[in-house]
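If you read the protein sequences in the order shown, they are chains W and Y. The opening position of the first sequence corresponds to residue 173 in the working numbering, with each subsequent residue numbered one higher. The opening position of the second sequence corresponds to residue 489 in the working numbering, with each subsequent residue numbered one higher. C-beta: ideal position from N, C-alpha, C; glycine also. Please read these numbers as outputs of a predicted model, since none were measured by experiment. Below is one structure, written out as structure tokens; comments come after it.
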Amino acid sequence: MQYLVSVIHDGAGLATPDEMAAIDAFNDRLQAEGHWVFAGGLGSPSTATVIDNRGGEALFTDGPFVESKEYLAGFWVMAAPDLDVALKLAAEGSKHCNRKVEVRPFL
Amino acid sequence: MSVADIQEVITRAHREEWARMVAALTRRFGDLDIAEEAAAEAFATAVGRWPADGVPANPGAWLTTTANRKAIDRIRRENKRDDKQKEARLLYDDDPSGPLDAIDDDRLRLIFTCCHPALALETRVALTLRMVGGLTVPEIARAFLVQEAAMGQRITRAKAKIKTARIPYRVPSTEDLPGRVSGVLAVLFLVFNEGYLATGPDTDPVRHELTAEAIRLTRLIRALLPQDGEVAGLLALMLLTEARRTARVSAGGELVTLDEQDRGAWDAALVAEGHRLVRERLAAGVAPGRYQILAAINAVHTSARDIRDTDWSQIVALYDQLVRVDPSPIVVLNRAVAIAELDGPEVALAAVDRLADRLAGYHAYHATRADLLRRLGRSQQSRAAYDKAIELAGNTAETAYLTRRRDQLGRARDSAADGDRRRTEE
Numbered sequence: 173m174q175y176l177v178s179v180i181h182d183g184a185g186l187a188t189p190d191e192m193a194a195i196d197a198f199n200d201r202l203q204a205e206g207h208w209v210f211a212g213g214l215g216s217p218s219t220a221t222v223i224d225n226r227g228g229e230a231l232f233t234d235g236p237f238v239e240s241k242e243y244l245a246g247f248w249v250m251a252a253p254d255l256d257v258a259l260k261l262a263a264e265g266s267k268h269c270n271r272k273v274e275v276r277p278f279l
Numbered sequence: 489m490s491v492a493d494i495q496e497v498i499t500r501a502h503r504e505e506w507a508r509m510v511a512a513l514t515r516r517f518g519d520l521d522i523a524e525e526a527a528a529e530a531f532a533t534a535v536g537r538w539p540a541d542g543v544p545a546n547p548g549a550w551l552t553t554t555a556n557r558k559a560i561d562r563i564r565r566e567n568k569r570d571d572k573q574k575e576a577r578l579l580y581d582d583d584p585s586g587p588l589d590a591i592d593d594d595r596l597r598l599i600f601t602c603c604h605p606a607l608a609l610e611t612r613v614a615l616t617l618r619m620v621g622g623l624t625v626p627e628i629a630r631a632f633l634v635q636e637a638a639m640g641q642r643i644t645r646a647k648a649k650i651k652t653a654r655i656p657y658r659v660p661s662t663e664d665l666p667g668r669v670s671g672v673l674a675v676l677f678l679v680f681n682e683g684y685l686a687t688g689p690d691t692d693p694v695r696h697e698l699t700a701e702a703i704r705l706t707r708l709i710r711a712l713l714p715q716d717g718e719v720a721g722l723l724a725l726m727l728l729t730e731a732r733r734t735a736r737v738s739a740g741g742e743l744v745t746l747d748e749q750d751r752g753a754w755d756a757a758l759v760a761e762g763h764r765l766v767r768e769r770l771a772a773g774v775a776p777g778r779y780q781i782l783a784a785i786n787a788v789h790t791s792a793r794d795i796r797d798t799d800w801s802q803i804v805a806l807y808d809q810l811v812r813v814d815p816s817p818i819v820v821l822n823r824a825v826a827i828a829e830l831d832g833p834e835v836a837l838a839a840v841d842r843l844a845d846r847l848a849g850y851h852a853y854h855a856t857r858a859d860l861l862r863r864l865g866r867s868q869q870s871r872a873a874y875d876k877a878i879e880l881a882g883n884t885a886e887t888a889y890l891t892r893r894r895d896q897l898g899r900a901r902d903s904a905a906d907g908d909r910r911r912t913e914e
């Protein structure tokens, strides 16, 4: 079972060096314990481009598909046998990256 | 057997078998939705067949077998994963009557799953009442004053989340247990209260199946966590409340208040067990939580052979302690009831009136005011307060009691508006 753990950014500024170090340490642990699938940080919403190619001609729009104070700043994909394990890992992740996180299961 | 007798047998079987069936079906088929539907279909089949075919020798076994068939039928119909089907077929041949421990374990699993912290509190209560308590969706909707469709949706969404996000079907690990237990206790207390003071015009005033189920489940949790003070406290509170159950409603279906109850009719064994638990917690010497203090208050009440022997100063002291742990307006209201006995209705009424903003929509606030005003001889205002309490009360026994009390007030024909006008003139 895999879970997407989204990091929700609701303040100003990117991760501090201390936060980055904490995230690295947490990632090492995820790998050592076999929960690691993938993780990454994302550029800010202003770097996003929305594409709609349903009409035959690809339409590009500068900016994110939804403007919001809270946005996705990064994510983990974690392997966990059930939600209890995923919630514990996500709680650790929230502490290490100093952000709110959201857990959603992959289908 | 008459139709009414058969209906009675089905009702009893539902009360006794529902939680066990859903729990066992969930373990076997790994799906709450299938378990719930199969259990419900088994009972629907019983309603259709038993009047013509007669009641089977062992209704529980018949229902279990039928529910298993229904579940397998559905899995086949939906052409689920092969392994699920195989598993289902294999397990179908199992002896349905496992040892008691396994049954209790299943029910605990079911309740921890329904009370999972990833679900909203109102969802946990609804799911527990449906899956463990066996209430129908309309009954739950009525109990929580929401639309039936909305309640149905809430339960459906919860089942889908449990399945998709894979909320595990198990008793939590030792390290997680304390935190998870307090969530379960909150749900069990709500279930108990809905049984104790059932809402709805067509509902029995006391739904013993709900209070009994809440007690059964709390006992299970207690066996699991014998050192947890709040588990012991909640169990004691339930037992001391349940002990008064039969004395609490008259033959005519009217609520009998504590001061008018026949104390000889209280269940002495339950009182003794409750007192034992309270003493055990006192001896532990650990600062008590909300349930333990409530249990202690009930222990003081049930220690008095006569209402006049009640140690009201002790009760007020316990309420003071409770207000520090839980300063909710309802606690303050209940404290005022004790204050009335200690310092008189005038002092109590002043305390109650300060809660007007927060409790205007709560029937017990108006019922308490009505009683205090009656004792102060202010019949007009008392009548208006009774009217409001009757309007808001959802419990049939309580409504009957309040109506009688109101009608015993002196002047019968004064309108509420009259009362209001007079109050401003006073």
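| Residue-level contact to chain W via CB, Y:G586, 8 Å cutoff | Reading the second sequence from its first residue, position 98 is the one you call residue 586 of chain Y. With a pLDDT of 42 at Y:G586, under the threshold of 50, the modelled position of this residue cannot be trusted, and the question is left open.
| Taking Cβ to Cβ, would you say Y:G915 is nearer than 8 Å to Y:L806? | Outside the modelled stretch of chain Y, which goes from 489 to 914, sits residue 915 of chain Y, for which no answer is possible.
| query | Can you tell me the Cα-Cα spacing of Y:A606 and Y:L685, whole angstroms? | reply | For the purposes of this step, residue 606 of chain Y is taken as residue 118 along the second sequence, with counting starting at 1. For the purposes of this step, residue 685 of chain Y is taken as residue 197 along the second sequence, with counting starting at 1. Straight-line measurement puts the Cα of Y:L685 at about 29 Å from the Cα of Y:A606.
| query | Listed from N- to C-terminal order along the chain, which residues in the region 652-671 of chain Y have their beta-carbon within a distance smaller than 8 Å of any beta-carbon of chain W? | reply | Those would be T652, A653, R654, I655, P656, P660, D664, in chain order.
| query | Taking Cβ-Cβ distances shorter than 8 Å, what residues in chain Y pair up with W:D254? | reply | Here residue 254 of chain W corresponds to residue number 82 of the first sequence, with the count starting at 1. Under the 8 Å cutoff, chain Y gives R654, I655, P656.
| How close, in whole Å, do the beta carbons of Y:G683 and Y:H696 come, if the pair is a contact with beta carbons under 8 Å? | As a working note, residue 683 of chain Y is residue 195 in the second sequence. As a working note, residue 696 of chain Y is residue 208 in the second sequence. Y:G683 to Y:H696, Cβ: 7 Å. Contact.
| Taking Cβ to Cβ, would you say Y:T706 is nearer than 8 Å to Y:V694? | Reading the second sequence from its first residue, position 218 is the one you call residue 706 of chain Y. Reading the second sequence from its first residue, position 206 is the one you call residue 694 of chain Y. No, these two residues do not count as a Cβ contact at 8 Å.
| message | Does W:I180 come out as helix, strand or coil in the three-state DSSP assignment? | response | Start at 1 with the first residue of the first sequence, and residue 180 of chain W comes out as number 8. Strand, per DSSP.
| task | Would you tell me roughly how many angstroms separate the C-alpha atoms of Y:R630 and Y:E879, rounded to the nearest one? | result | Reading the second sequence from its first residue, position 142 is the one you call residue 630 of chain Y. Reading the second sequence from its first residue, position 391 is the one you call residue 879 of chain Y. Cα-Cα distance, rounded: 16 Å.
| query | By Cβ distance, which residues of its chain are closer than 7 Å to Y:S738, with the 5 residues on each side in sequence left out? | reply | The sequence position of residue 738 of chain Y within the second sequence is 250, counting from 1. Cβ within range, chain order: V744.
| message | Quick check: W:A245 and W:L214, are their CB atoms within less than 8 Å of each other? | response | The residue you call residue 245 of chain W lines up with position 73 of the first sequence. The residue you call residue 214 of chain W lines up with position 42 of the first sequence. The beta carbons of W:A245 and W:L214 sit closer together than 8 Å.
| message | For Y:T729, which residues in the same chain have their Cβ closer than 7 Å to its Cβ, ignoring the five residues on either side in sequence? | response | Position 241 of the second sequence, counted from the start, is the residue given in the question as residue 729 of chain Y. Excluding positions up to five away in sequence, the list reads Y684, N786.
| message | Under 8 Å, Cβ to Cβ, is there at least one residue of chain Y near W:M173? | response | Here residue 173 of chain W refers to the residue found at position 1 when the first sequence is read from its first residue. Closer than 8 Å to the CB of W:M173 there is at least one CB belonging to chain Y.
| field | Residue from Y:W506, Y:L673, Y:L520, Y:Q715 whose Cα sits closest to the Cα of Y:P547 | value | As a working note, residue 547 of chain Y is residue 59 in the second sequence. Comparing Cα-Cα distances from Y:P547 to each of Y:W506, Y:L673, Y:L520, Y:Q715, the minimum goes to Y:W506.
| field | Rounded straight-line distance, which links the Cα of W:I180 to that of W:K260 | value | As a first step, residue 260 of chain W is located in the first sequence; it is residue number 88 there, counting from the start. As a first step, residue 180 of chain W is located in the first sequence; it is residue number 8 there, counting from the start. Distance between W:K260 and W:I180, taken at the CA atoms: about 17 Å.
| Rounded to the nearest angstrom, how far is the Cβ of Y:I823 from that of Y:V811, given a contact under 8 Å? | Taking the first residue of the second sequence as position 1, residue 823 of chain Y is located at position 335. Taking the first residue of the second sequence as position 1, residue 811 of chain Y is located at position 323. The residue you asked about is not Ile; residue 823 of chain Y is Arg in the sequence shown. Yes, Y:R823 and Y:V811 are in contact; Cβ-Cβ is about 6 Å, under 8 Å.
| request: Quick one: residues in its chain with C-beta nearer than 6 Å to the C-beta of W:A251, no 5 flanking neighbours on either side, listed in chain order? | output: Within the first sequence, numbered from 1, the residue matching residue 251 of chain W stands at position 79. Excluding its 5 nearest sequence neighbours in each direction, W:A251 has C-beta neighbours in its own chain below 6 Å: Q174, H207, V209, listed in chain order.
| said: Which residues does DSSP list as the beta-bridge partners of W:V222? | reply: What you label residue 222 of chain W is simply residue 50 of the first sequence in a count that begins at 1. Paired residue(s): W:T233.
| Three-state secondary structure (DSSP) of W:Q174 | Position 2 of the first sequence, counted from the first residue, corresponds to residue 174 of chain W. Here W:Q174 sits in strand by DSSP.
| Identified DSSP bridge partners for W:R276 | Counted from its first residue, the first sequence places residue 276 of chain W at position 104. Listed as beta-bridge partners of W:R276 by DSSP are W:L176.
| request: Mind checking the region 602-628 of chain Y against chain W and listing, in chain order, the residues whose C-beta falls within less than 9 Å of any C-beta there? | output: Residues passing the 9 Å Cβ filter: H604, P605, A606.
| Interface residues of chain Y around W:P217 at Cβ under 7 Å? | Here residue 217 of chain W corresponds to residue number 45 of the first sequence, with the count starting at 1. Simply none; closest approach about 27 Å.
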